[in-house]
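As structure tokens, the structure follows; a few thoughts come after it.
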Amino acid sequence: MAAAAPRRTAAAGSRSKKSPEEDAEAAKEREMAELLRKLKEATAVPEHAARRVRKLDDMVSYLRKAKRQVDATVAADEARLAELDREAASLERTIGSIRAHRRAMEAERDDIVARLKAGETGFTGFVKETSATTAVTARRNARHLSSAVSQELRASRGYSVDKDSKPHLEAPASVLAKARALARRAPGIGGGGRA
20 MAAAAPRRTA AAGSRSKKSP EEDAEAAKER EMAELLRKLK EATAVPEHAA
70 RRVRKLDDMV SYLRKAKRQV DATVAADEAR LAELDREAAS LERTIGSIRA
120 HRRAMEAERD DIVARLKAGE TGFTGFVKET SATTAVTARR NARHLSSAVS
170 QELRASRGYS VDKDSKPHLE APASVLAKAR ALARRAPGIG GGGRA
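One point on numbering: in my numbering, the residue at position 61 of the sequence shown is 80, and numbering is uninterrupted.
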């Protein structure tokens, strides 16, 4: 390997010492290579442009397809929105009639409640008045019955149920005798009698 390295350097040294003709030929070759490269690039430009045009055509067709899909979706959405608007209008009409009916029912309910309150007030007053009249009538009845019983007692036995009446003082002797006789016959009545 060490022997190969000096050879290369010797070859490189021999190359660097080219003649002017060789240098002119090398420059000519470089010019030719540059022209060939430019020619290849010039011929590659239309192919590159054709590829770019094909890509642009593909992109445009994709965009057109996407636009058709979007247009179809928008049309479907607009149709659905129109349908929803019709349903909303129908529901608003129904809700309006329901609200009107509810207001009428509430007014009727308020009227019924007011009449019931008035009836309740009247009935409560009637019940109070009837209770008061019943109590007064019951007291009058009791006084009348007491008076009637008192008069009967006074007529039959000689005393009455009045507080001023003193039956033990006013009772005739015959009535007292009968009461004593009854007390003797019935044991346990009047606390007397023989066993």
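All residues carry an ideal CB built from backbone N, CA and C; glycine is no exception.
Return the chain-ordered list of same chain residues with a C-beta closer than 8 Å to the C-beta of residue i, the five sequence neighbours on each side being excluded.
i      : result
Glu125 : none
Ala30  : Confidence at Ala30 is low in this model, with a pLDDT of 48, below 50, so the placement of that residue should be treated as unreliable; the coordinate-derived value is given next. Excluding positions up to five away in sequence, the list is empty.
State yes or no: is the beta carbon of residue i nearer than 8 Å to at least one beta carbon in chain C?
i      : result
Arg118 : Looking for chain C here will not work: only one protein chain is present.
Quick check on this structure: which residue in the options has the alpha carbon closest to the alpha carbon of residue i?
i      : options                : result
Arg176 : Lys197, Arg158, Asn160 : Lys197
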